[in-house]
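Worksheet: one structure, shown below.
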Amino acid sequence: MLKKITTAASVIALCALAACGSGSGGAGNGTGSSGGDAITMGFAQVGAESGWRTANTKSIQEEAKAAGIDLKFSDAQQKQENQIKAIRSYIQQKVKVIAFSPVVETGWDTVLLEAKRANIPVILTDRAIDSDDTSLYKTFLGSDFVEEGRKAGDWMVANATGPTNVVELQGTTGAAPAIDRKKGFEEKIASKPDIKIVASQTGDFTRSGGKQVMEAFLKSQPKIDVVYAHNDDMGLGAIEAIKAAGKVPGKDIKIITVDAVKDGMTALANGEINYIVECNPLLGKQLMELAKKVVKGEDVPARVVTEEGAFNQEQAKAALPTRQY
Amino acid sequence: MKNRLLWPLIALAALLVLNLVVTPSFFALRMQDGHLYGGLVDVLKNGAPTLLIALGMTLVIATRGIDLSVGAVAAIAGAVTCVHIGSSGDAGTAFVGMAIALVLCAVLGLWNGFLVAGLGIQPIIATLVLMTAGRGVAMLVTEGQIITVNNDPYRQVGAGFVVLPISILIALAVLGLVAFTTRKTALGMLIESVGVNPEASRLAGVKSKTIIWTVYVFAAVCAGIAGLMISSNVSAADANNAGLWIEMDAILAVVIGGTSLAGGRYSLTGTLLGALIIQTLTTTVYTIGVAPEVTLVFKAIVVIAVCLVQAPKARAALSFRKVAVS
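Same order as they appear, the protein sequences are chains V and D.
According to the working numbering, the first sequence is numbered sequentially starting from 1269.
According to the working numbering, the second sequence is numbered sequentially starting from 82.
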């Protein structure tokens, strides 16, 4: 008897757990009707894992409103199954266009084929998918991570005086932004043999990771001139480590990062970071323009790069008050 | 007892020597702004959270249990404290925040204890509930954002120094406390007896359930303090990544230290050595420049080697060869 009760209890607990995972993750059914001329767009977001992502969501919602597009939005809480569910429900609701940021690269063929058969065009945002069949989506709107690396490399080349030792804090091993940001940076500094990457380790895109790796670098490398971090968070961790070593971040050791989230921009404006290459989440406007074209049946390029810039300390001070994320 | 600790000790020494050979400056210590600064200090500072969690885990494992939820509990502690502190810079707010977080962690420990001791659910399943749901709770608290705080008193917990890092001093104090209460009183023996045979201990008059309940609460509070250190070290709460996979590191530390997962006899000194080995391993990867692509393989090889030299069969094979050669 007791055994039965415990089994039942554990089943209930597990069910509750499963419900936690998927409860609110299903398709968010919008209230707007799809009648009339208004375009209905179904958007399946990855989740709300960072400030960057939240800004991304906000931009899409605001720009949809501004463009008069009826947006049905769902949050997948980092789970592919939730995203697939959401896309299927958009197909059933007969939206005019589907857009989504794929959680992972693979496993989309079946659901995208369903969309194709229903004649609903698909736009990928921010992240690409890995599929041989490129007819499954109309276009991919997102950042060019290699170009971001190149921009960081350009600044390095322009600002290097004499022999420069660079340490690199890589993103999560194997992640596309980590591979590409490394590639672009290396490509640019290859022109100057004076600039050398003396150590390169992964900090997993986190502050703790960046701090711990930087602490080790400060002990093992006799001379560090520049830190190149693949995102702001690792750069912020490195700042802490440099301060603890009694050095001044931004002066004794220069720091280049990628992303330009608010915490990073604040550090840049305070002079603790020297240069930030932007990875722009505000792609709502471009997305809505593309959606309108796709729905009308106009041709769109297969790859659209988001408009992004880069900031030095002066520009950061100017941009910070109006920074949305 | 001495023999059981010999091999982890040799493994730790070997790792340190490897660092010394590759980076001669690894052992260099100097005073920097009134505190010690050097590679060894980093190992102690960054190893403190793992050590704390491993301590709680040791007692849980000694009762034949396991606690997978410690990483999520650590994330909740950091999240709750940072959200409470917000933009405040004063010590009072920080302490209240930390107190709320630790009380909450104790409640989460009670929940684990309830599932394991109260309902008799297998520990690995019972704590899996909180491992998954807990991170969701932490995300809810932070609304999915990284919460940055600027509070100097709070910074001290994970990044501060009183000559030595404050975090390791806290961890060692907890170690001393546990060693005292379990070795100088009968508590340690009772925990071991519950691990060896819960039913027999109950019949012998040991309050098995109360003891199981206690170790889960203790493990959760340890996880909470570790979570405060992790978050305070970078003055931010990251619900997604704080304490991620630390339960695995902690279990590994306990096992390397010679405590059997089957419950019963446990070694606190062994856990201390285990935690130090794991942190030294991580630091070694960064210091000697193992390529990130092969880091996990490198770590796996070291861990396998350490476990092998501890296995009686492997040791017997080794000593047999020695005898044969001589």
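The beta-carbon is built from N, C-alpha and C at its ideal position, and this holds for glycine as well.
- Contact residues of the segment 229 to 241 of chain D toward chain V are Thr229, Ala240 (C-beta to C-beta distance below 8 angstroms).
- If only uninterrupted beta strand (DSSP E) runs of at least 3 residues are considered, none is enclosed by the segment 332 to 382 of chain D.
- Non-local beta-carbon contacts of V:Gln1348 in its own chain, meaning distances under 7 angstroms to residues more than five positions away in sequence, involve Val1371, Val1372, Gly1375 in chain order.
- In the DSSP assignment, V:Arg1356 falls outside any beta strand (DSSP E) and within the unbroken alpha helix (DSSP H) covering 1348 to 1360.
- Three or more pairs of CB atoms, one per stretch, sit closer than 8 angstroms, so the segment 142 to 150 of chain D contacts the segment 189 to 204 of chain D.
- When the Cα atoms are used, D:Gly201 and D:Gly344 turn out to be separated by approximately 16 angstroms.
- In terms of Cα proximity to V:Asp1401, the closest of V:Lys1384, V:Lys1522, V:Gln1480 is V:Lys1384.
- In terms of CA proximity to D:Ala135, D:Leu353 leads the group D:Thr363, D:Val222, D:Ala392, D:Leu353.
- Excluding residues up to 5 positions away in sequence, Val1568 lie with their Cβ nearer than 7 angstroms to the Cβ of V:Lys1561 in the same chain.
- Contact between the segment 264 to 271 of chain D and the segment 331 to 338 of chain D is not established, with fewer than three Cβ pairs separated by less than 8 angstroms.
- The beta-carbon of V:Val1435 is placed no less than 8 angstroms from the nearest beta-carbon of chain D.
- In the displayed model, D:Gly305 falls within a helix according to three-state DSSP.
- Against chain V, the CB of D:Ala156 has no partner CB under 8 angstroms away; the residue lies outside that interface.
- Here D:Leu140 is not near D:Phe261, since their CB atoms are 8 angstroms or more apart.
- V:Ser1399 sits in coil when the DSSP states are folded into three classes, being neither helix nor strand.
- Distance from the CA atom of V:Lys1530 to the CA atom of D:Ala398, rounded to whole angstroms, is 59 angstroms.
- Taken residue by residue, none of the segment 1380 to 1395 of chain V has a beta-carbon sitting less than 8 angstroms from a beta-carbon on chain D.
- Proximity of V:Gly1514 to chain D, defined by a Cβ-Cβ separation below 8 angstroms, is satisfied.
- A Cβ-Cβ distance of about 6 angstroms is found for the pair V:Val1495 and V:Val1435, placing them in contact under the 8 angstroms criterion.
- Straight-line spacing of the CA atoms in V:Lys1364 and V:Pro1389 works out to 7 angstroms.
- V:Thr1322 counts as buried, since at least 16 other C-beta atoms from the protein chains shown sit within 10 angstroms of its C-beta.
- By the C-beta density criterion, D:Met310 is buried, having at least 16 other C-beta atoms within 10 angstroms.
- Any Cβ of chain D closer than 8 angstroms to the Cβ of V:Gly1505 would place that residue at the interface, and such an atom is present.
- Comparing C-alpha distances from D:Val375 to each of V:Glu1330, V:Lys1450, V:Gln1469, V:Leu1437 shows the shortest one belongs to V:Gln1469.
- The three-state reading of DSSP puts V:Thr1432 in strand, counting E and B together.
- Residue nearest to D:Asn232 within the set D:Asn314, D:Val184, D:Asn278 is D:Asn314 (criterion: CA-CA distance).
- Residue state for D:His165 is assigned as helix, using DSSP reduced to three classes.
- When DSSP assignments are scanned along the segment 1380 to 1427 of chain V, the uninterrupted stretches of beta strand (DSSP E) that are 3 or more residues long and fall wholly within it turn out to be 1390 to 1393, 1407 to 1410.
- Taking a Cβ-Cβ cut-off of 8 angstroms, the neighbours of D:Thr368 in chain V comprise Ala1484, Lys1487, Ser1488, given in sequence order.
- With a threshold of 16 other beta carbon atoms within 10 Å, D:Trp326 falls short and is exposed.
- Residue pairing from DSSP places V:Met1309 in a beta bridge opposite V:Leu1339, V:Val1365.
- Rounded to whole angstroms, the separation of the alpha carbons of V:Ala1306 and D:Ala372 is 53 angstroms.
- Comparing C-alpha distances from D:Ile157 to each of D:Ala129, D:Gly217, D:Val243 shows the shortest one belongs to D:Gly217.
- Between D:Val287 and the set D:Val296, D:Thr295, D:Ile272, the nearest pair of CA atoms involves D:Ile272.
- Neighbours of V:Ser1411 in chain D, taken as residues at a C-beta separation under 8 angstroms, are lacking, since the least C-beta distance is about 20 angstroms.
- Boundaries of the alpha helix (DSSP H) harbouring D:Tyr235: 233 to 240, taken from the DSSP string.
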